Amino acid sequence: MIISDATGETAERMVRAATLQFSEPVQIRLHSRVRLESELEQILEKASELRALVVFTVVNAEERDLISKLIERYNLETVDLIGALISKLAMFLGSAPAGVPGLLHSITDDYFRRIEAVEFAVKNDDGAEPRNLPKADLVLVGISRTSKTPLSTYLAQRGLKVANVPLVLGVDPPEELSQVDDRKVFGLIVQPDMLMRIRQARLSHLGMPHDSSYGQRAHIDNEIAYSREIFRKHANWPVIDVTNRAIEETAADILRIYQERFEPAASSPGVIAR
2 MIISDATGET
12 AERMVRAATL
22 QFSEPVQIRL
32 HSRVRLESEL
42 EQILEKASEL
52 RALVVFTVVN
62 AEERDLISKL
72 IERYNLETVD
82 LIGALISKLA
92 MFLGSAPAGV
102 PGLLHSITDD
112 YFRRIEAVEF
122 AVKNDDGAEP
132 RNLPKADLVL
142 VGISRTSKTP
152 LSTYLAQRGL
162 KVANVPLVLG
172 VDPPEELSQV
182 DDRKVFGLIV
192 QPDMLMRIRQ
202 ARLSHLGMPH
212 DSSYGQRAHI
222 DNEIAYSREI
232 FRKHANWPVI
242 DVTNRAIEET
252 AADILRIYQE
262 RFEPAASSPG
272 VIAR
């Protein structure tokens, strides 16, 4: 049996993970938001009848003390998942715990949300899965070396599911991009001189010749012109110039515009430059 003064989902995940180490079948009963002494007594009495192992996550010290007394009365086997950790942290930090139920659950939810977002970004990098574009919270669009991947990863660590789509000269963007809410799509551009230096450095790193069209100014100018043409067709996409900007700086602008666009008074899109 699992007893929690919040949702109990964190405890249930931990218990289920532990039971996977054993071949014997285990029945799990979750009792969430247990706050009253009468509830505790009823649950623990039933646990005694079933000879169940009791696992509990209760952050309030008084409630934990009450559980300890009832455990002795009913002679139960128990595991306190969080009490010992809270006590140790209180001693280490030299301060009293808040004793607020649900904080662990909210932190755990946030953690899993970020993990899911990072996995989404990895699977949908560089246009890998166009069918997933409508599922994204944000979609970044731009030619090669406009910081799409590092921005996707950074924003994913903030809990947003981000996909990115490369613009390739002479190739139409994927049809699925038209299914995405314009408020979620951001265009990325970079000044040609900077892009040429970045690409030539990339070619050197890969051991490829610098006369490849990938690093040539004329080809880069054509790519940038093509991307601007795409952006003009989608006037509601904000276009951000990433030239000489840190990833964190560009990400902050994207987040600000994204938040504004999902409020009643949304600002007009435009080019953001230093």
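Counting from 1 along the sequence shown, just add 1 to a position and that's the residue number in our numbering. Ideal placement from N, C-alpha and C gives every residue a C-beta, glycine not left out. As the structure is a computational prediction, the values presented were derived from the model and not from experiment.
- By the Cβ-count criterion, Leu178 is buried, with 16 or more other Cβ atoms from all chains shown falling within 10 Å of its own Cβ.
- Contact annotation: Ala12 and Leu31 have beta-carbon atoms nearer than 9 Å.
- Remark: C-beta atoms of Arg184 and Arg262 approach each other more closely than 9 Å.
- Judged by DSSP in its simplified three-state form, His211 adopts coil rather than helix or strand.
- Per the coordinates, the alpha-carbon of Ala85 lies some 29 Å from the alpha-carbon of Ser24.
- The residue from Gln22, Ile144 and Leu161 with its alpha-carbon nearest to that of Val123 is Leu161.
- If one requires a minimum length of 4 residues, the alpha helix (DSSP H) runs lying completely within the region 193–265 are 193–207, 218–234 and 248–262, in chain order.
- Distance check between Ser228 and each of Tyr155, Ile144 and Tyr75 places Ile144 closest, using alpha-carbon atoms only.
- The Cβ atoms of Phe113 and Thr79 lie no closer than 9 Å to each other.
- DSSP places Phe113 within a helical segment (H, G or I) once states are collapsed to three.
- Contact check for Arg146 against Arg203 passes: the beta carbons are separated by less than 9 Å.
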